[in-house]
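Residue numbers (the numbering used here), protein chains in the order written: chain A, 1 to 85; chain B, 1001 to 1444.
Where is the CB? At the ideal position from N, CA and C, for every residue including glycine.
Small disclaimer: the values here were computed from a predicted structure and weren't measured.
Read through the structure below, which is laid out as structure tokens, and then see the notes.
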Amino acid sequence: APAPRAEDLSSGVAWLGRFGYLRPADPAAGRLPAPEELAEALAAMQRFAGLEATGVLDAPTLARMRTPRCSLPDRPGPGPARRRR
Amino acid sequence: QAPAPATWSKRNLSWRVRTFPRDSPLGRDTVRALMHYALKVWGDITPLNFHEVAGSSADIQIDFSAAEHNDPFPFDGPGGTVAHAFLPGEHPAAGDAHFDAEEAWAFRAADAHGVDLFSVAVHEFGHAIGLSHVATTQSVMQPYYQGPVGDPLHYGLPYADRVRAWQLYGVRESVSPTAQPDTREPGGPRLLPAPPDRRPSAPPGRDVPHRCSAHFDAVAQIRGEAFFFKGRYFWRLTRDRHLVSPQPAQMHRFWRGLPAQLDGVDAVYERATDHKIVFFRGDRYWVFKDTHVEEGFPRPVSDFGLPPGGVDAALSWARGDKTYFFKDQLFWRFDELTRSMDPGHPAPGPAWGGVPRTLDAAMRWSDGAAYFFRGADYWKVPDSEPAAVPGYPQPTARDWLACRDPQAGPGGAGTEGEAGAHAPAGRHDRSRAEDGFQVCACSS
């Protein structure tokens, strides 16, 4: 699959965070999640939305993200990350 | 460990549309009606009762808001997120539902023309009673908007949603968990009627009493209108004493929360102090706020200081906030302010001359007079008078229930003034109209 455009990736990550699939981005750090984390979140979102769980931000996934929907998250967001000593 | 699901501990929930969408083709009444029907979808299958209120203390506050509106879910204009609601809980916004005021809200429009408000409201009120999102495409709790779900008057929840609601609240007494939803599509576009709690919602059965021959169980003035109760039915008269319909309404469908097996009431009155409505049957009584029973009822009539056996009639006497109770040949006077019986009661016979010693029903009417009912007759006692007006009793059916010849009963063809009762709405029987005596029935 072709790599998603930067703006799609950015809005997709924001979408995943808003609806509980990714930890909300840290505005101070301002960096994208690791590819594995993103793929896992995308697969979870795709399963919930009835799409094929590819883990890739493809066209059907983007289209579903643009579908009007309820504001509430689909699942509770993950708790705060544990700090290593 | 999964947290316990958030649910309401009470079963009677109030709601209110606090703010409406601006510049919407949907009028306020339509929005309120759609909210009513969307809540009814959940109330029909669970023991939850929803009633609309005017005050600011509603359990479910409904708002149409734009952009940031003081919660963690700002709206984003047309498309994107369209609505959200908060699960039950201790949070001040618990149960509240917010709709994006900038959406093109629609009702009975083609899918491409706007967002169907009823469909979204059904989903949001699912949250308001404690349901979260699910992945099942057959569920109304799927997070994505999938177009109109169907006609509000015929819509039934998918089985998956009914099961989840039953897991939270149990099954409503009148619902069979194995029944399949009615998926019939409506035959064509129809106007959305007013919420049905202002009218009888189902045609009565074959066992209905006839108003022209009935001896009424209870009569009450409620919100300025007259209610005549007989068995499981009642008739309603407007403030100017016009019969709302010649056909009786089913008591349980209007007064929500009465036990299904209750086959009649002994007495009913609207309490002067708080305008709640009190129903008596045998040793028990129920208090209604508007048309829904309050939590904790029925209670024993001993709360009033009444003996077991109940009452025959109740009469709310506005002056002094007194309520009179009648049973056999005794009467009691109850002080609504001190919530106690006045000394010296029970006393023998009614307190007014010319009124029979035993009563079926009693009511105070807007003309200030008290009306006493027994058998087919009634007596009128004007305000401040010690006795009934000479010339009484008079026939109740003729003077209150729009019957020309009360003795003829239901079989007396041509003896009643109910032209139009069996005709299509809006049409009148000309021959009756020429008599200058007719009753119009609204059937839509």
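Is any beta-carbon of chain A found at less than 7 Å from that of residue i?
i	result
alanine 1093/B	no
glycine 1079/B	yes
proline 1143/B	yes
phenylalanine 1073/B	yes
histidine 1133/B	yes
asparagine 1070/B	no
threonine 1137/B	yes
histidine 1113/B	no
histidine 1252/B	no
valine 1455/B	No information on residue 1455/B is available, as it lies outside the stretch 1001 to 1444 that chain B covers here.
valine 1082/B	yes
Does residue i get closer than 7 Å to chain B when you measure Cβ to Cβ?
i	result
leucine 42/A	no
aspartate 8/A	no
glycine 55/A	no
serine 71/A	yes
proline 68/A	yes
glycine 50/A	yes
proline 78/A	Confidence at proline 78/A is low in this model, with a pLDDT of 48, below 50, so the placement of that residue is unreliable and no value is reported for it.
arginine 83/A	Low per-residue confidence applies at arginine 83/A: pLDDT is 42, beneath 50, and the placement is therefore not dependable enough to give any value.
aspartate 74/A	yes
methionine 45/A	no
When you compare each of the options to residue i by their alpha carbons, which one comes out closest?
i	options	result
serine 1384/B	Arg1374/B, Ala1369/B, Leu1013/B	Ala1369/B
tryptophan 1365/B	Pro1346/B, Gln1221/B, Leu1401/B	Gln1221/B
alanine 1267/B	Ala1066/B, Leu1026/B, Gly1150/B, Ser1316/B	Ser1316/B
histidine 1133/B	Pro1308/B, Ser1014/B, Asp1023/B, Asp1161/B	Asp1161/B
leucine 1387/B	Asp1367/B, Pro1350/B, Arg1404/B	The identity of residue 1387/B in the sequence shown is alanine, whereas the question assumes leucine. The candidate whose alpha carbon is nearest that of alanine 1387/B is Pro1350/B.
phenylalanine 1326/B	Gly1305/B, Thr1338/B, Ala1362/B, Leu1337/B	Ala1362/B
glutamine 1247/B	Phe1279/B, Arg1239/B, Cys1212/B	Cys1212/B
valine 1293/B	Arg1239/B, Pro1047/B, Lys1380/B, Ala1165/B	Pro1047/B
lysine 1322/B	Thr1291/B, Ile1277/B, Arg1339/B, Pro1307/B	Arg1339/B
glycine 1305/B	Arg1032/B, Phe1288/B, Tyr1324/B	Tyr1324/B
alanine 1093/B	Ile1129/B, Phe1229/B, Ile1060/B	Ile1060/B
proline 1390/B	Asp1360/B, Arg1032/B, Val1355/B, Arg1374/B	Val1355/B
threonine 1273/B	Leu1337/B, Ala1314/B, Gly1147/B, Arg1256/B	Leu1337/B
histidine 1127/B	Ala1104/B, Gln1146/B, Arg1108/B, Gly1089/B	Gly1089/B
alanine 951/B	Gly1095/B, Ala1313/B, Glu1173/B, Arg1022/B	Nothing about residue 951/B can be read from this structure; chain B reaches only from 1001 to 1444.
tryptophan 1042/B	Pro1078/B, Asp1335/B, Glu1068/B, Arg1164/B	Arg1164/B
tyrosine 1392/B	Ser1245/B, Gly1310/B, Asp1342/B, Lys1380/B	Lys1380/B
threonine 1019/B	Asp1096/B, His1051/B, Ser1009/B	Asp1096/B
glycine 1375/B	Asp1399/B, Pro1348/B, Ala1214/B	Ala1214/B
threonine 1137/B	Val1115/B, Arg1108/B, Val1149/B	Val1149/B
valine 1265/B	Lys1276/B, Gly1130/B, His1252/B, Arg1404/B	His1252/B
glutamine 1250/B	Tyr1269/B, His1275/B, Thr1291/B, Arg1239/B	Thr1291/B
Thinking residue i and residue j are a contact (beta carbons under 8 Å), I'd like their distance in whole angstroms, please.
i	j	result
alanine 43/A	leucine 16/A	In fact, because the Cβ distance is near 11 Å, the residues do not count as touching under 8 Å.
arginine 1333/B	histidine 1345/B	5 Å
proline 1143/B	arginine 69/A	5 Å
alanine 1218/B	glycine 50/A	The pair is not a contact, with the Cβ atoms about 55 Å apart (cut-off 8 Å).
phenylalanine 1280/B	phenylalanine 1288/B	About 12 Å separates the two Cβ atoms, so there is no contact after all.
aspartate 74/A	phenylalanine 48/A	5 Å
leucine 1401/B	phenylalanine 1228/B	7 Å
alanine 1313/B	leucine 1243/B	With 8 Å as the limit, alanine 1313/B and leucine 1243/B do not qualify as a contact, their Cβ atoms being about 22 Å apart.
proline 1152/B	phenylalanine 1118/B	5 Å
Contiguous beta strand (DSSP E) assignments of at least 3 residues, all confined to the region 1362 to 1389 of chain B: 1370 to 1374, 1377 to 1381
Does the region 1071 to 1086 of chain B come close enough to the region 1031 to 1045 of chain B that 3 or more CB-CB pairs lie under 8 Å? no
Would the region 1280 to 1289 of chain B count as touching the region 1298 to 1311 of chain B if we require 3 or more Cβ pairs under 8 Å? yes
Under 8 Å, with one C-beta from each stretch per pair, do the region 1227 to 1235 of chain B and the region 1205 to 1216 of chain B reach the 3-pair mark? yes
With three or more beta-carbon pairs closer than 8 Å as the criterion, would you say the region 1099 to 1117 of chain B touches the region 1061 to 1072 of chain B? yes
Is the region 1023 to 1030 of chain B in contact with the region 1067 to 1081 of chain B, if contact means three or more CB pairs nearer than 8 Å? no
Along the chain, which unbroken stretches of the alpha helix (DSSP H) at least 4 residues long are found entirely within the region 1031 to 1058 of chain B? none
Take every Cβ of the region 1050 to 1061 of chain B, pair it with every Cβ of the region 1009 to 1016 of chain B, and state whether three or more of those distances are shorter than 8 Å. yes
How about the region 59 to 71 of chain A and the region 1243 to 1261 of chain B: do they share at least three Cβ pairs that are nearer than 8 Å? no
Which parts of the region 1253 to 1311 of chain B are runs of the beta strand (DSSP E), unbroken and 3 residues or longer, counting only runs that do not cross its ends? 1267 to 1270, 1277 to 1281, 1284 to 1289
Threshold first: 4 residues or longer. Then list the alpha helix (DSSP H) segments lying entirely within the region 1107 to 1131 of chain B, N to C. 1117 to 1128
Just to confirm the assignment: which complete beta strand (DSSP E) runs, minimum length 3, are found wholly within the region 1212 to 1245 of chain B? 1218 to 1222, 1225 to 1230, 1233 to 1237
Suppose only complete runs of 4+ residues qualify. What are the alpha helix (DSSP H) ranges in the region 1126 to 1173 of chain B, listed by chain order? 1159 to 1169
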